[in-house]
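Letter by letter, the sequence shown follows residues 0 to 329 in numbering that gives the first Met the number 0. Glycine residues also receive a C-beta, built at the ideal position from the N, C-alpha and C atoms. Shown next, in structure tokens, is the structure this report addresses.
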Amino acid sequence: MNSTAPAPDVYSQLYGGVDYSSLNWFEQQWVAWYVWIGNPVIATGLLGFLMHEIVYFGRCIPWIIIDAIPYFRKWKLQPSKVPSAEEQWECTKLVLWAHLTVELPTIWLFHPIAEFIGMKTYQVPFPTWQTMLWQIAFFMLFEDAFHFVSHRALHIPILYKHIHKLHHKYSAPFGLAAEYAHPAEVMILGFGTLGGSLLLCLFTEVHFVSFWIWVILKLFQAIDAHSGYDFPWSLQHILPFWSGADHHDFHHMAFTNNFATSFRWWDRICGTDDKYVAYQRRLTEAKKKAKTGGREELLLIEKQLLDDVLAEGFKEEARVVNSKNSLKIE
Ligand SMILES: [Zn+2]
Ligand SMILES: [Zn+2]
């Protein structure tokens with residue numbers, strides 16, 4: 000694609016009345032893509048799926064490299080649990096399968112649904128950056144609340160056993176495992192990503208480009224939260240309400256607690272971070288004590304704390320798996 004004026008026949012069908020020279024570079028590329036493909040449904044589906052795959056696997060690559068370099072172990076939340084190449088490949092195969100069987104049709108169906116509900120798709124110009132900013136903030140808040148409620152529901156024994164158990168295969172997650180989940184879970188939790196934009200369409204004009212910027216941010220958030228690394232420069236150390244890897248790693252390790260995605264406030268308000276808070280307190284106390292004993296002692300205490308939480312987590316999971324199909328949230 001280039002930024003020269005596109006073919007006039009398709010252009011006039013889709014963009015009749017739009018002055019091409021008044022568009023910015025991004026809008027011109029957008030127009031060129033839709034004119035090149037010639038069919039907006041195919042153009043949106045293809046763009047959406049390709050972008051999803053490129054961002055997902057592109058964002059996982061740095062984490063795969065980090066996992067392969069021992070220097071980074073000092074920031075690994077569960078340092079003895081580094082995924083092997085075989086584990087990463089097994090995970091990639093299932094993730095790809097879910098992308099092709101669940102996400103591809105969903106992404107393809109999204110265009111007709113979005114248009115039906117009034118979302119702008121191929122149209123230009125784009126909304127202003129201020130509009131995009133508040134709309135993306137809304138999508139994020141919606142997804143976080145939706146995910147918190149549905150993720151808690153997925154821990155109900157009957158749903159856990161048949162759906163969510165697959166995602167908990169890794170008690171020490173890694174980037175690629177972000178979308179390692181049962182197709183039903185991808186659908187349920189995926190609604191949190193799509194739902195905010197569809198809901199907002201009922202009240203105001205939403206453009207597909209705002210939605211896709213949000214999807215890219217969401218992919219970064221999900222992969223980074225599963226990375227298993229907590230660096231001193233990680234976002235949660237700058238924004239204390241941001242969940243980050245340390246928050247979600249604990250969910251995988253302890254099996255309970257920390258159900259939200261992007262923010263910490265729902266778990267704090269609902270008291271579903273009590274074990275996590277206690278664990279953090281014990282860790283801080285251990286660090287203080289270890290100042291006299293040195294690094295070796297701290298590593299030993301940390302390992303003991305991690306082992307205790309993990310053992311407790313396995314016990315909790317076994318209890319849910321072996322419990323009757325009650326509707327009690329675990
Ligand atoms: Zn869970
Ligand atoms: Zn997870």
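Here DSSP, grouped into helix, strand and coil, assigns Tyr228 to strand. Our two residues, Leu95 and Ala224, have alpha carbons roughly 19 Å apart in a direct line.
The segment 192 to 207 and the segment 105 to 121 touch, with no fewer than 3 CB-CB distances between them shorter than 8 Å. Its chain contains Tyr121, Val123, Phe125, Val208 as the residues whose beta carbon lies nearer than 8 Å to that of Trp29, once the 5 sequence neighbours on both sides are disregarded; these appear in chain order. Near ligand 2, residues with a Cβ at less than 6 Å from any of the ligand's heavy atoms are His166, Pro172, His225, His247, His251; the list follows chain order. By the neighbour-count definition (other C-beta atoms within 10 Å, threshold 16), Asp143 is a buried residue. Boundaries of the alpha helix (DSSP H) harbouring Val54: 39 to 67, taken from the DSSP string. One thing to note: Thr255 has its Cβ no nearer than 7 Å to the Cβ of Glu296.
Taking 7 Å as the cut-off, the Cβ atoms of Arg151 and Phe249 do not count as close. Between the alpha carbons of His110 and Thr43 lies a distance of about 7 Å. For Arg151, the enclosing alpha helix (DSSP H) covers residues 128 to 152.
At a cut-off of 4 residues, the continuous stretches assigned as alpha helix (DSSP H) that sit fully inside the segment 179 to 205 are 182 to 200. Per DSSP, reduced to three states, the secondary structure at Lys286 is helical.
In this structure, the CA atom of Ala317 is about 21 Å from the CA atom of Asp273. Ile300 and Trp32 have their alpha carbons spaced roughly 56 Å apart. Ranking Phe141, Pro231, Ser226 by CA distance to the CA of Leu188 puts Phe141 first. With a threshold of 16 other beta carbon atoms within 10 Å, His161 falls short and is exposed. When Cβ pairs closer than 8 Å are counted between the two stretches, the segment 77 to 91 is seen to touch the segment 162 to 180, the count reaching three or more. Looking at the backbone, the Cα of Asp306 and that of Gly37 are separated by about 57 Å. In the DSSP assignment, Asp307 falls within the unbroken alpha helix (DSSP H) covering 294 to 321. If you draw a straight line from the Cα of His167 to the Cα of Val40, it comes to about 35 Å. In this structure, Met252 places its C-beta atom within 7 Å of the C-beta atom of Leu309. Looking at His181, Phe262, His146, the one whose alpha-carbon comes closest to that of Thr192 is His146. Taking all protein chains shown into account, Cys269 has fewer than 16 neighbouring C-beta atoms within 10 Å of its C-beta and is therefore exposed. Under the 10 Å beta carbon count, Asp266 is surrounded by 16 or more other beta carbons and is classified as buried.
Between the alpha carbons of Phe48 and Gly16 lies a distance of about 30 Å. For Ala171, there is no enclosing alpha helix (DSSP H), as DSSP marks it with neither H nor E. Shortest Cα-Cα distance from Phe262 to any of Trp35, His246, Ser322, Ala277 involves His246. For Ala176, there is no enclosing alpha helix (DSSP H), as DSSP marks it with neither H nor E.
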